[in-house]
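Only one structure is covered here, and it is reproduced in the block below.
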Amino acid sequence: MKKKLLLLLFIPCFLGAQNTLSNAKDSLSKSSNNSTITSSSNDDDDDDDDDNFAATIFESIFQSIFIDFFGSLSLGVIIGEGLYTEFTPYPYFDGKSGEYTRVLNDKNKRTNIKLNANYFVNRVSGVEFNAVLKPVPLVGLELDYLTFNEKGLFTDESLSITSINANYYRIRESSLSMWWGIGATYVGNEVDSWGVSYNFGADIYPVKPISFHLGWKQSFINDNTVNVFKSQVKYHLKQTAFYTGYHNYKLGSEVISGLVLGVEVNF
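Just add 142 to the spot in the sequence shown (first one is 1) and you have my numbering.
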């Protein structure tokens with residue numbers, strides 16, 4: 143009898159903890175011409191409010207530090223004429239240069255393809271596949287597919303996000319590259335909506351074989367947004383890099399964050 147009572151008390155709490163992706167899809171589906179979605183009054187909403195409050199603080203800190211830094215550093219060179227650079231065969235090929243170099247030789251590349259995949263470690267797990275094609279050092283096309291999965295007591299939820307961005311690589315130094323881009327994002331499953339997106343980021347190559355990656359992308363879906371922040375540290379072994387880091391995702395009204403493990407290959 144006691145076991146049954148404990149089970150009856152446990153099930154509502156368990157169900158309440160398993161609705162992250164469902165809530166995310168509801169909030170991303172909402173548009174100005176739809177009826178207002180009434181928020182749940184369950185006790186577990188307090189946890190969601192705490193997550194959203196923490197996300198607000200995180201975004202404020204991020205915008206005041208990283209965005210301001212990026213903006214000030216890029217001021218005056220956003221669309222200006224860039225110096226001639228070429229791609230290295232792979233990061234740290236010469237022991238000091240990252241992806242770009244001004245030291246010209248016949249081993250350098252004029253085009254570059256970068257493929258990577260990572261696994262998001264969280265109760266709401268995620269897998270991401272990313273490809274960046276740079277036909278020339280100045281511009282590139284970035285394709286990204288991200289899928290989340292959440293296991294429930296009775297049903298499983300999933301959410302897929304696909305985006306394409308045209309990136310402009312304005313700063314291309316041997317130890318630092320920075321870019322910005324614009325594009326479009328499609329959120330699948332029950333949301334089934336397209337939206338405009340923008341992104342910017344940086345790759346830093348301080349010393350062989352380590353590099354750091356920072357990235358931000360925001361997509362406008364109906365009356366809400368999908369925000370992605372990435373911070374990664376990579377270990378390079380010729381054309382391959384293994385990385386770990388911290389990713390923060392705002393999926394409409396829901397916020398999830400956690401560790402990622404990934405691999406990257408340069409061609």
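Glycine included, C-beta positions come from ideal geometry on N, C-alpha and C.
Contact check, Gly404 vs Ala273, beta carbons under 9 angstroms: Taking the C-beta atoms as reference points, Ala273 is found no nearer than 9 angstroms to Gly404.
Nearest-angstrom Cα separation, counted from Lys392 out to Asn161: CA-CA distance, Asn161 to Lys392, rounds to 15 angstroms.
Inter-stretch contact at 8 angstroms, needing at least 3 Cβ pairs: the region 275-284 / the region 299-318: Yes, they touch.
Coarse secondary structure for Asn264, derived from DSSP in three states: In the structure shown, Asn264 adopts coil according to DSSP, grouped into three states.
Enclosing alpha helix (DSSP H) for Leu170 [first to last residue]: From DSSP, the alpha helix (DSSP H) with Leu170 extends over 162-171.
Any 3 or more C-beta pairs closer than 8 angstroms across the region 335-349 and the region 386-402: Result no; under three Cβ-Cβ pairs closer than 8 angstroms.
Residue nearest to Val370 in terms of C-alpha spacing, selected from Gly394, Glu292, Leu225: Closest by alpha carbon: Gly394.
First through last residue of the beta strand (DSSP E) which encompasses Asn341: Following the DSSP letters along the chain, one finds Asn341 inside the beta strand (DSSP E) bounded by residues 335-349.
Check whether Thr304 and Lys276 have beta carbons under 9 angstroms apart: With contacts defined as CB atoms closer than 9 angstroms, Thr304 and Lys276 fail to qualify as a contacting pair.
Reference Lys350; option with closest CA among Val402, Gly237, Thr289: Comparing C-alpha distances from Lys350 to each of Val402, Gly237, Thr289 shows the shortest one belongs to Gly237.
Of the listed residues Asn364, Ile313, Lys376, nearest to Val329 (C-alpha basis): Between Val329 and the set Asn364, Ile313, Lys376, the nearest pair of CA atoms involves Asn364.
Boundaries (first-last residue) of the beta strand (DSSP E) holding Thr289: Run containing Thr289: 281-293, per the beta strand (DSSP E) assignment.
Inter-residue spacing [alpha-carbon to alpha-carbon] between Ile324 and Tyr226: Near 23 angstroms, if we compare the C-alpha coordinates of Tyr226 and Ile324.
Counted within 10 angstroms of its Cβ, other Cβ atoms place Leu232 as buried (16 or more) or exposed: Checking the displayed sequence, the identity of residue 232 turns out to be Tyr instead of Leu. With a 10 Å radius around the Cβ and a threshold of 16 neighbouring Cβ atoms, Tyr232 comes out buried.
Pair within 9 angstroms by beta-carbon distance, Ser361 and Val338: Yes, the pair counts as a contact, with Cβ atoms nearer than the cut-off.
Under 9 angstroms between C-beta atoms of Trp321 and Phe342: Trp321 is a Cβ neighbour of Phe342, given a cutoff of 9 angstroms.
Close beta carbons around Ile255, own chain, < 8 angstroms, minus the five adjacent residues each side: Around Ile255: Ala273, Val274, Leu275, Lys276, Asn408, Phe409.
Residues that Val245 bridges to, as DSSP identifies them: Beta-bridge partners assigned by DSSP to Val245: none are found.
Close-in-space but distant-in-sequence residues of the same chain around Val333 (CB under 6 angstroms, 5 per side omitted): Result list for Val333: Lys167, Leu170, Ser171, in chain order.
Length of the line joining the Cα atoms of Val266 and Glu241: Rounded to the nearest whole angstrom, the C-alpha separation of Val266 and Glu241 is 33 angstroms.
Proximity to Ile313 [Cα-Cα], best of Asn390, Leu280, Val368, Lys359: It is Leu280.
Outcome for Thr297 when other beta-carbon atoms lying within 10 angstroms are tallied against a minimum of 16: Exposed: under 16 other Cβ atoms inside 10 Å.
Proximity below 9 angstroms, CB of Thr289 to CB of Val269: A contact, by the Cβ cut-off of 9 angstroms.
For Thr304, the residue or residues it bridges with in DSSP: Answer is Tyr287, Tyr328.
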